[in-house]
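Here's the structure we're looking at; comments come further down.
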Amino acid sequence: MDVLLTADAIVWLLLTIVFVIAEGVTTAMISVWFAIGAAAALVTSVFTDSWLLQTFVFLAVSAVVLFAFRPYAMRQRKTGGVQTNFETNIGKIATVLTPIQPGQVGRVRLEGVDWNAVSNSPLEVNAPCRVTDLQGTTLTVVPVETQSTVHAS
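Going letter by letter, the sequence shown gives residues 1 to 153 in full-length UniProt numbering.
Below, the structure written as structure tokens:
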């Protein structure tokens, strides 16, 4: 147990913790690489007292992990993530609950949730409409052509 309580081990343990906390706070994939490097240096400190070797392991492992995984992590970050209401609701069909006149706010129901809605076209109650935008809690909608409106034209 005395081997793990050397000053070197304590320094590397503290650095590992600091880098992990920094990564948790920023979520920017900046310090995770250094946390891994510090953890590797911590393990190295158990086997050697050489501060120079421990520092080399820290720098080498941090650099290798950074250059090997950062491009992959950045691609995942760009394509991944949780969609917001804006992204998930655009293009979906809602049902008009109260008449909507251009320039006035009405109400629509989208997937069981009632929303404020505006439209540049008049919409009657129970008419289907497509969501085209979301500003705060107000949807922008457009009429959806149904079979009866297609045959009437």
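Every residue, glycine too, gets a C-beta built ideally from N, C-alpha and C.
- For Asp-114, the enclosing beta strand (DSSP E) covers residues 113-118.
- Sorting Thr-95, Leu-42, Ala-63 and Ile-100 by C-alpha distance to the C-alpha of Val-113 places Thr-95 at the top.
- Excluding the 5 residues flanking it on each side, Glu-124 has same chain C-beta neighbours closer than 7 Å at Val-96 and Pro-99, in chain order.
- If the five residues before and after Thr-137 are omitted, its C-beta is found closer than 8 Å to the C-beta atoms of Trp-115 and Asn-116, all from its own chain and listed in chain order.
- If you draw a 10 Å sphere on the C-beta of Ser-50, you find fewer than 16 other C-beta atoms in it, and that means exposed.
- For Asp-8, the enclosing alpha helix (DSSP H) has its first and last residue at 7-26.
- Under the three-state reduction of DSSP, Gly-103 is assigned to coil, being neither helix nor strand.
- Taking the Cα positions, Val-11 is about 17 Å away from Ser-31.
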